[in-house]
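Since the structure comes first, as structure tokens, the remarks are kept for the end.
As structure tokens, this is what we get:
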């Protein structure tokens, strides 16, 4: 189901306001979530709002606070998220790193006490859109451990996502963006399968017997663990990346596994921003980007970030795609918060519900 941005964003903002955010914060977080939906990342879109409501209720997000920045040197800063919305913290850390890299060529921002940072690739997009190279490494403290180390089967690590962004200036219509969990899939994918009832892929998980978990609900209730990226055969690669993300995120901004409070959730991260023009002129950089793109180009080959760019253009032309199960979860949240559902969204929900009921009757 597709909707105009102007229909979705105000609704998401109003829900966030009712959850305790200021209008300014609500608008910023809603923009971040809808942007994820626009590029096809519905696991990190407005469907996260019911989860955020739970996190606010448990104290894992403080919707009324803002991050605080500590200057360590002219090019190194640390942002205490204070458990504010992660979108605020990520934006603050990225902006500071970009400003410092503009002056010094390279900069590092550390994040501690961050709540859910949302889609990490958003900050890679922001930095690369301002002609900066971006690298990010994150870890998750507390009870979010759901990944087994390579060779093991117990939950010892989090999904520890990493992200990279490289500007292409005028060489391409999009920048190079890489954003992925260091596990086979992210936790959001598991939650999505739980909502839809779709079985889990057998290559995603492992139990103490060596078998996979097929049911998302069983996994969410504690059965099995996610495999590191690469799975049973080459998972040592994803495991290695996860350890690097764990160390860099923990070194810069927080604690690491084995030190954290298992009952408490928080994100820590290291954002590194580099000005590529300190090495090459823009023209030289564009030549190298073009050479790589032309060398790799094929009918079935896309560069990282190209798919999201195409999805964004499609959303701009045809509306933002919001899955039916997301609409249903937002409908429930809106009822709980006494927020009026926009008429068009309500009509779609009514038709979807009627259709679902008819299928049940048959």
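Numbering (the working numbering), first residue to last: 411 to 772.
Glycine is no exception: its CB is placed at the ideal position from the N, C-alpha and C atoms.
Check whether the Cβ atoms of residue 598 and residue 528 lie closer than 7 angstroms to each other. no
Between residue 771 and the rest of its own chain, which residues show a CB-CB distance below 6 angstroms, the 5 nearest in sequence each way excluded?
In this prediction, residue 771 scores a pLDDT of 23, lower than 50, which makes its location untrustworthy; the coordinate-derived value is nonetheless stated afterwards. Taken in chain order, the list of residues that qualify is empty.
Exercise for the section: Tell me the start and end of each unbroken alpha helix (DSSP H) in the region 424-457 that is at least 4 residues and wholly inside, in chain order. Expected result: 433-448
### Message
On the criterion of 16 or more Cβ atoms from any shown chain inside 10 Å, does residue 469 qualify as buried, or is it exposed?
### Response
exposed
- Query: Where does the unbroken alpha helix (DSSP H) through residue 660 begin, and where does it stop?
  - Reply: 641-663
Margin query: Excluding the 5 residues flanking residue 627 on each side, which residues of the same chain have their C-beta closer than 7 angstroms to its C-beta?
Written below: 604
Pull up the distance between the alpha-carbon of residue 763 and that of residue 471, whole angstroms please. Reliability of the predicted coordinates at residue 763 is poor, the pLDDT of 46 falling under 50, and the value obtained from them is presented with this limitation in mind. Going from the Cα of residue 763 to the Cα of residue 471 covers about 32 angstroms.
* Quick one: measure Cβ to Cβ for residue 422 and residue 459, integer angstroms, because I've assumed they're closer than 8 angstroms. => 7 angstroms
Subject >> Residues near residue 533 by beta carbon distance below 6 angstroms, same chain, minus five either side >> reply: 500 and 504
With residue 480 as the anchor, note down where its beta strand (DSSP E) starts and where it stops. 478-481
Point to revise | CB of residue 749 within 7 angstroms of CB of residue 425, strictly | key: yes
| Is DSSP giving residue 787 helix, strand or coil here? | Outside the shown range of the chain, which is 411 to 772, sits residue 787, and nothing can be said about it.
task: Counting only the same chain and skipping the five closest in sequence on each side, list residues whose C-beta sits under 6 angstroms from that of residue 577.
output: 538, 541 and 585
Test item: CB-CB of residue 531 and residue 573 under 7 angstroms = yes
If you follow the beta strand (DSSP E) that residue 524 is in, where does it begin and where does it stop? 516-524
By alpha-carbon positions, which one of 575, 747 and 558 ends up nearest to residue 637?
558
Going by alpha carbons, who is nearest to residue 488 out of 621, 519 and 635? 519
Within 10 Å of its beta-carbon, does residue 523 have 16 or more other beta-carbons around it, so buried, or fewer, so exposed?
buried
Practice item. May I ask you to list the residues that DSSP assigns as paired with residue 546? Key: 573 and 681
Worksheet entry | Straight-line Cα distance separating residue 740 from residue 521 | 30 angstroms
Taking the alpha carbon of residue 453 as the reference point, which residue from 746, 733, 752 and 437 has its own alpha carbon closest?
733
Original post:
Ordered along the chain, which non-local residues of its own chain (more than five positions away) have a Cβ less than 7 angstroms from that of residue 704?
Top reply: none
Coil, strand or helix - residue 595 by DSSP: coil
On a CA-only basis, which of 721, 746, 753 and 752 is nearest residue 448? Give me that one, please.
721
DSSP-derived helix/strand/coil call for residue 752: coil
- Query: By a C-beta neighbour count over all protein chains shown, 10 Å radius and 16 as the cutoff for buried, is residue 664 buried or exposed?
  - Reply: buried
In whole angstroms, give me the CA-to-CA distance for residue 674 and residue 550. 10 angstroms
Check whether the Cβ atoms of residue 639 and residue 568 sit closer than 7 angstroms, and answer yes or no. no
| Taking the alpha helix (DSSP H) that residue 474 falls in, what are its first and last residues? | Where residue 474 is concerned, there is no enclosing alpha helix (DSSP H), given that its DSSP letter is neither H nor E.
Problem set entry | Unbroken alpha helix (DSSP H) run spanning residue 565, endpoints | Careful: residue 565 lies outside any alpha helix (DSSP H) and carries neither H nor E.
field: Expected contact under 8 angstroms - CB spacing of residue 730 and residue 462 to nearest Å
entry: Not really, about 19 angstroms apart at Cβ, beyond 8 angstroms.
Pair within 7 angstroms by beta-carbon distance, residue 496 and residue 477: no
In the DSSP assignment, find the unbroken alpha helix (DSSP H) run with residue 736 in it and report its ends. 734-747
Q: Measure the CB-CB distance between residue 714 and residue 543 and report whether it falls below 7 angstroms.
A: no
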